[in-house]
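First up is the structure itself, then whatever we jot down about it.
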Amino acid sequence: MSDRYVPVQWNPNKWLYDAVLIACVAAYILIYLNLGNPAADVTRPADGAIVRMRAFGTCAFFMLTAILCIGPLARLDRRFLPLLYNRRHFGVITAVVAVTHSTYVLNWYFAFSPTPRLEALLGANTSYGQLLGFPFEAFGVFALIVLAILAATSHDFWLNFLTPPVWKRLHLMIYPAYAAVVAHVVLGYLQDTKNPAFALVFGAAALSVAGLHLAAHLKDGAARRAKGAWIPVARPQDISDSRARIVKMPDGRRAAVFRDGARIGAVSNACAHQNGPLGEGRVIDGCITCPWHGFQYRLEDGCSPPPFTEKVPTYDLRLQDGVIEIAAEANAPGTPVTPLDVPEASDV
Amino acid sequence: MSDPVSDPVREREAPFFIGWATIPEGLRWFLGGIAIGLVVLLAGLSYLTAATQDDPGDGAFMGRADAVGLLQAAPYPILHVTQSDSFAPGTALMLTGNGKRGAQPQADAFDGQLVAVSGARISRGDIIALQLRGGENGISAAPEQTGASLPQPRDLGRWRITGEICDGKCYSGAMRPGRGLAHKACANLCLIGGIPPVFVATDKIDGTEFFMLADQDGGPVTEHVLNHVATLVEIEGSVERHGAMAVFRIDPATLRLAQ
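First to last, the protein sequences are chains A and B.
Start counting the first sequence at 24; every next residue gets the next number (our numbering).
Start counting the second sequence at 183; every next residue gets the next number (our numbering).
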């Protein structure tokens, strides 16, 4: 949370996160160039530029795979949620690695020619009508442009400027970008190489991304969409203290019904910052705290405590025959709603 | 009532991470394990991926070389060596320009003449290319030698051959690897720049597996083969020997993917 923009709001956890990422990239590249490549069974080693473009290209692929696994892993097991915290830095570093790969490609395969490099990149191979020999570079260019756009708009300034829903939709472009990377590798290096080792690792990585997303989707799908003007949620004592019960509303959105001791309040499940799942957060010092980046909202009005200005929609609640019911219609963001007072719930 | 999305008992026990706060005790070992595991996993993947790269062959630049010989400009510049410290007489050199440029602009004026050439030798197996130095440093008229004339083409008949179309320079060793689908755009760029296309056959014919490609009239064929570079194809045409150089005069209409 911030009431002003700074380039990066550093804290010890971010330093640690980035240090691990840089250690990963350094280990990958150094081992590829200095241990793996010399161990390859070759008559003469491949050109240095080609080895480096392979090192950075495969590194970017594995990093992107890891990034896309974080989301579903966090939904399947909350212990992975801290990996989401600084995922934007993960994305930016991946984009830098991918740009390095493309720089080696441009300055090797598409250099030394009277044709300008970018023109050569797009015009040297135009066999778009065939699968074998398809210009797989086009998929790489698309993925690189997407990664660059996502890295450039990863800052909170763009999040606020574009609004979280638009920003989130824009950043969902990472999925077409990943699909393009898969096509780039399948139609290029994978059709070329004779050794099956990389194909097996590549396939396992891509299937991991698909499998984890499917598993997370199936888990999410367990919640049914409710009907009616008032929707029963749970008995107060069935909601853990400082935690929430997530409800799928008739309009498809989700609400989070929190209990803070004897007080029970409800807000939208989508954090105003990055649409993070507020209902998977916790009430800390009277404020609902998002599990993704720690953004906080008051239980009684969905507003961030001053000087912060973020707001989320609230919901009316009522107690009917000992069961909490939530209104189907959300209130405008920041609308005060007196929390239900249920003293017996806090005795549990 | 609504379906619970998560288990309340586990929720109560689970440590809660907040980015700007200290990492909860219960998560430290887990996150430390993830961090170490990720570094180790990527290190392992790196080694595996790098150590299983394919052999790019033995082609390479082999240093400076000079030669005197008879220049044949079509379909692409070839030097039939008559005298050299680097090559045996009778060797056929595929001439190229610098980078992804053909030698045609330098060679055309000397077609059929005795010339002195100088440049960087590139070779892979039986195929030898010479990357000419610029201008007159690369190619110049040599004193006339009595009786020197271009070798007469020897017809080896009509063939249907399976193999891969490559750019002659990268395949010879200017790049390693210098063939294959990942290299296709680079090969096309070389061919567009005037580098001779060569056909690398799966089986030898008349003792060779390398053929310089030409059209049916013996002229350049580059524009007809660009879509088929780097894939395994079958082509029909007639094979000729021009001294030590095998030339495959193809019928582009017969080009198709090999079964």
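Note that beta-carbon positions come from the ideal geometry of N, C-alpha and C, so glycine has one too.
Since the model is a prediction, treat every value here as computed from it, not as a measurement.
For this session: Using a Cβ cut-off of 8 Å (strictly closer), state whether A/G325 contacts chain B.
Result: As a first step, residue 325 of chain A is located in the first sequence; it is residue number 302 there, counting from the start. Chain B, which has no Cβ nearer than 8 Å to the Cβ of A/G325, makes this no.
Exercise. With 8 Å set as the bound, which would you pick, yes or no: does the beta-carbon of B/P287 sit closer than that to a beta-carbon of chain A?
Worked result: Counted from its first residue, the second sequence places residue 287 of chain B at position 105. Output row for B/P287: interface = no.
For this session: Would you list the one or two residues that DSSP bridges to B/F392?
Result: The residue given as residue 392 of chain B occupies position 210 in the second sequence. Beta-bridge pairing links B/F392 to B/V382.
Exercise. Going by C-alpha distance, which of B/L277, B/R438, B/I432, B/V297 is nearest B/T413?
Worked result: In the second sequence, the residue the question calls residue 413 of chain B occupies position 231. The shortest Cα separation from B/T413 among B/L277, B/R438, B/I432, B/V297 belongs to B/R438.
Exercise. Okay, do the stretch 99 to 112 of chain A and the stretch 125 to 144 of chain A touch, 3+ Cβ pairs below 8 Å being the bar?
Worked result: Not touching, per the Cβ criterion.
Problem set entry | Minimum Cβ-Cβ distance from B/Y229 to chain A less than 8 Å | Start at 1 with the first residue of the second sequence, and residue 229 of chain B comes out as number 47. Output row for B/Y229: interface = yes.
Exercise. Using Cβ-Cβ distances below 7 Å, what residues of the stretch 112 to 142 of chain A are close to chain B?
Worked result: Within the stretch 112 to 142 of chain A, the qualifying residues are Y132, F133, F135, S136, P137, T138.
Exercise. Is B/E416 helix, strand or coil when you go by DSSP?
Worked result: Indexing the second sequence from 1 puts residue 416 of chain B at position 234. In the structure shown, the three-state DSSP call for B/E416 is strand.
For this session: Answer yes or no: do A/C82 and A/I116 have a C-beta to C-beta separation smaller than 8 Å?
Result: For this step, residue 82 of chain A is matched to residue 59 along the first sequence. For this step, residue 116 of chain A is matched to residue 93 along the first sequence. With a cutoff of 8 Å on beta-carbon distance, A/C82 and A/I116 are scored as not near each other.
Exercise. Any idea what DSSP makes of A/G217, helix, strand or coil?
Worked result: The residue labelled residue 217 of chain A in the question sits at position 194 within the first sequence. Going by the sequence as given, residue 217 of chain A is Lys instead of Gly. Note: A/K217 maps to coil in three-state DSSP.
Problem set entry | Paired residues, beta bridge with B/V263 - DSSP | Within the second sequence, the letter at position 81 stands for residue 263 of chain B. As DSSP reads the structure, B/V263 sits in a beta bridge with B/G251.
For this session: Would you mind telling me which residues of chain B sit closer than 8 Å to A/V43, beta carbon to beta carbon, in chain order?
Result: Position 20 of the first sequence, counted from the first residue, corresponds to residue 43 of chain A. Ordered by position in chain B, the residues that pass the 8 Å Cβ test against A/V43 are A217, L220, V221.
For this session: Could you work out which residues of chain A lie near B/D211, taking near to mean beta carbons separated by less than 9 Å?
Result: Residue mapping note: residue 211 of chain B aligns to position 29 of the second sequence, counting from 1. Residue 211 of chain B is actually Trp in this sequence, not Asp. Among the residues of chain A, none has a CB under 9 Å from the CB of B/W211; the nearest is roughly 10 Å distant.
Exercise. Which of helix, strand or coil does DSSP assign to B/D185?
Worked result: Taking the second sequence and counting its residues from 1, the one referred to as residue 185 of chain B is at position 3. Bear in mind that a pLDDT of 47 at B/D185, under 50, signals an unreliable position, so the number given afterwards is only what the model happens to contain. In this structure, B/D185 counts as coil in the three-state DSSP scheme.
Problem set entry | A/K242 to A/L99 span [Cα, whole Å] | For the purposes of this step, residue 242 of chain A is taken as the residue at position 219 of the first sequence. For the purposes of this step, residue 99 of chain A is taken as the residue at position 76 of the first sequence. Rounded to whole angstroms, A/K242 to A/L99 spans 8 Å at the Cα level.
Problem set entry | Cutoff 7 Å; reference A/G357; Cβ partners in own chain excluding five residues on either side | Counting from 1 along the first sequence, the entry for residue 357 of chain A is found at position 334. Counting only Cβ-Cβ distances below 7 Å, and skipping sequence neighbours, we find D324, G325, C326, K334.
Problem set entry | In chain order, each beta strand (DSSP E) run of at least 3 residues that lies wholly inside the stretch 320 to 352 of chain B | Segments of the beta strand (DSSP E) lying fully in the stretch 320 to 352 of chain B: 321 to 323, 336 to 349.
Exercise. Can B/L312 and B/L277 be called in contact, C-beta distance under 8 Å?
Worked result: Reading the second sequence from its first residue, position 130 is the one you call residue 312 of chain B. Reading the second sequence from its first residue, position 95 is the one you call residue 277 of chain B. Contact annotation: B/L312 and B/L277 have beta-carbon atoms nearer than 8 Å.
Problem set entry | B/F243 and B/I304 closer than 8 Å at C-beta | Sequence index remark: in the second sequence, residue 243 of chain B carries index 61 (1-based). Sequence index remark: in the second sequence, residue 304 of chain B carries index 122 (1-based). Between B/F243 and B/I304, the gap from beta carbon to beta carbon is short of 8 Å.
Exercise. Using a Cβ-Cβ cut-off of 8 Å (strictly less than) and excluding sequence neighbours within five positions of B/H365, which residues of its own chain qualify?
Worked result: Position 183 of the second sequence, counted from the first residue, corresponds to residue 365 of chain B. Leaving aside the five residues that flank B/H365 on each side, the residues in its chain whose CB is nearer than 8 Å to its CB run, in chain order, C352, M357, P359, A412.
Exercise. If the cut is a Cβ gap below 7 Å, which residues of chain A does B/A155 touch?
Worked result: Residue coverage of chain B in this structure runs from 183 to 441, which leaves residue 155 of chain B outside it and unanswerable.
Exercise. Taking C-beta to C-beta, are A/R266 and A/A257 nearer than 8 Å?
Worked result: Taking the first residue of the first sequence as 1, we reach residue 266 of chain A at position 243. Taking the first residue of the first sequence as 1, we reach residue 257 of chain A at position 234. Cβ distance not < 8 Å, so A/R266 and A/A257 don't count as in contact.
Exercise. Looking only at C-alpha atoms, which of A/G345, A/L342, A/A97, A/A229 sits nearest to A/F84?
Worked result: Position 61 of the first sequence, counted from the first residue, corresponds to residue 84 of chain A. A/A229 is the residue among A/G345, A/L342, A/A97, A/A229 whose C-alpha sits nearest the C-alpha of A/F84.
Problem set entry | Validate contact between the stretch 220 to 231 of chain B and the stretch 42 to 56 of chain A using beta carbons, cut 8 Å, 3 pairs | Segments in contact, yes.
For this session: Can you grab the Cα-Cα spacing for the pair B/F198 / B/V221, in whole Å?
Result: The residue labelled residue 198 of chain B in the question sits at position 16 within the second sequence. The residue labelled residue 221 of chain B in the question sits at position 39 within the second sequence. Those two C-alpha atoms are separated by around 25 Å.
Exercise. With DSSP run on the structure shown, which of helix, strand or coil describes A/F113?
Worked result: Here residue 113 of chain A corresponds to residue number 90 of the first sequence, with the count starting at 1. Under the three-state reduction of DSSP output, A/F113 falls in the helix class.
Exercise. With distances taken from CA atoms, which of A/A355, A/L141, A/G211 is nearest A/F162?
Worked result: By one-based count along the first sequence, residue 162 of chain A stands at place 139. Among A/A355, A/L141, A/G211, the Cα nearest to that of A/F162 belongs to A/G211.
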